[in-house]
């Protein structure tokens with residue numbers, strides 16, 4: 001027997017931190033926490049840049065830009081989910097309905113059980129990778145443990161920021177480092193939750209498509225006699241399930257299309273900036289420390305772009321499989337009533353289910369290639385300016 005809730009403990013934890021989980025008791029607190037802390041963080045980055053406007057290096061500027069864009073993505077993703085909370089709740093409700101329906105069908109039950117294991121693995125991998133990115137980004141500064149009482153040296157924080165107040169004691173400095181690290185964990189897990197949720201939703205659609213395909217395969221055998229009374233019921237189930245898949249896909253598109261557009265634009269710049277940091281760090285005196293700081297951040301940024309593009313490609317390819325499965329049945333031997341219904345399924349399935357970035361660009365692996373190519377072009381310009 002599978003669990004009743006499509007979201008496991010890890011996903012519920014990450015969604016709660018981002019203030020996205022419907023019905024959570026502390027949602028309002030986390031919403032306020034994210035908004036206030038992000039505004040404060042952006043202000044601190046602004047102070048750092050303006051105080052060093054004449055002396056800041058291109059390396060520091062690229063790091064500030066990367067962190068600034070990463071924070072901007074977090075607040076935008078959270079805002080989209082907060083505004084579309086009802087849409088997200090509808091999606092989760094549809095998932096629960098599909099899970100409840102599978103209890104009455106062996107094919108659906110086996111497929112759903114297999115997808116549950118996939119959901120849990122995805123959530124664990126996303127959480128681990130986002131945790132590693134923050135640990136790698138912050139470990140160098142934390143291990144260095146600068147002496148704030150020594151006025152001759154500059155005090156370093158995990159990111160390039162200036163606080164609007166003076167930090168004069170070592171205890172206060174360590175407290176600020178700990179606070180900053182916890183904030184970064186919250187932001188990273190929040191954006192990871194949104195990305196992970198997209199993969200889970202796409203995998204759910206894929207599972208429902210597999211169920212329809214197997215029903216169509218069974219339909220072929222049930223029509224051999226031409227007198228099987230279960231076939232009209234099966235056809236009704238197929239039509240209802242197919243309509244639900246289309247509706248579910250449209251809800252995902254509505255929820256994620258603006259997130260995908262902003263992410264496509266910002267990730268292109270971030271990949272370029274982070275690649276610049278990694279390339280220019282090679283050969284420097286503290287190359288290991290600098291590369292360690294940026295490497296996992298760079299990997300996560302690329303992975304984030306890949307997740308959205310892979311989701312669009314996977315959904316598109318899976319949606320075609322319904323048409324192939326329907327056409328592969330012995331529809332020409334069916335009763336005229338059933339064959340006409342199945343013909344509509346074939347025709348509708350030929351219109352692919354897609355994810356787009358703001359209804360302007362279809363998400364696919366080709367889109368990911370375009371992001372990498374554009375980022376590489378910008379990187380060449382930055383290296384020439386160095």
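Numbering (the UniProt record's numbering), first residue to last: 1 to 386.
Just so you know, even glycine gets a beta-carbon here, dropped at the ideal spot from N, CA and C.
Which word fits residue 65, buried or exposed, when buried means at least 16 other C-beta atoms lie within 10 angstroms of its C-beta?
buried
By a C-beta neighbour count over all protein chains shown, 10 Å radius and 16 as the cutoff for buried, is residue 5 buried or exposed?
exposed
Report back the beta-carbon spacing between residue 242 and residue 322 to the nearest angstrom; my notes put them in contact at under 8 Å.
7 Å
How would you call residue 40, buried or exposed, if buried means at least 16 neighbouring beta carbons within 10 angstroms?
exposed
Residues in its own chain within less than 7 Å of residue 289 by CB, not counting five upstream and five downstream?
140
Can you have a look at residue 368 and say buried or exposed, based on whether 16 or more other CB atoms are within 10 angstroms of its CB?
buried
To which residues of the same chain is residue 364 closer than 8 Å at the C-beta, ignoring the five residues directly before and after it?
309, 312, 313 and 316
Taking contact to mean at least 3 C-beta pairs separated by less than 8 Å, is the region 273-282 in contact with the region 377-384?
At 8 Å Cβ cutoff, the stretches touch.
Distance cutoff 8 Å, beta carbons only. Does residue 203 sit that close to anything in chain D?
Given the protein chain composition of this structure (a single chain), no chain D is represented.
Do you know offhand how far residue 389's Cα is from residue 131's?
Nothing about residue 389 can be read from this structure; the chain reaches only from 1 to 386.
Note down, in chain order, each residue of its chain lying with its Cβ closer than 8 Å to the Cβ of residue 292, except the 5 sequence neighbours on either side.
Exclusion of the five residues before and after residue 292 leaves 136, 139 and 140 as the residues of its chain whose Cβ lies within less than 8 Å of its Cβ.
Are residue 359 and residue 257 touching if we call contact CB-CB under 8 Å?
In this structure, residue 257 lies closer than 8 Å to residue 359 by Cβ.
Can you grab the Cα-Cα spacing for the pair residue 208 / residue 198, in whole Å?
Answer to the nearest angstrom: the Cα atoms are 16 Å apart.
Alpha carbons only, please: which of 294, 272 and 271 is nearest the one belonging to residue 282?
Nearest of 294, 272 and 271 to residue 282, Cα basis: 294.
Determine whether the beta carbon atoms of residue 30 and residue 23 lie at a separation below 8 Å.
For the 8 Å CB-CB criterion, residue 30 and residue 23 do not form a contact.
With 16 as the cutoff for other CB atoms within 10 Å, does residue 223 come out buried or exposed?
No answer about residue 223 holds up, because its pLDDT of 44 lies below 50 and its placement is not dependable.
Touch check for the region 248-255 and the region 201-216: three-plus C-beta pairs under 8 Å?
yes
Go ahead and pull the three-state DSSP assignment for residue 356.
strand
Closest to residue 12 by C-alpha separation, out of 119, 182, 269 and 336, would be which residue?
119
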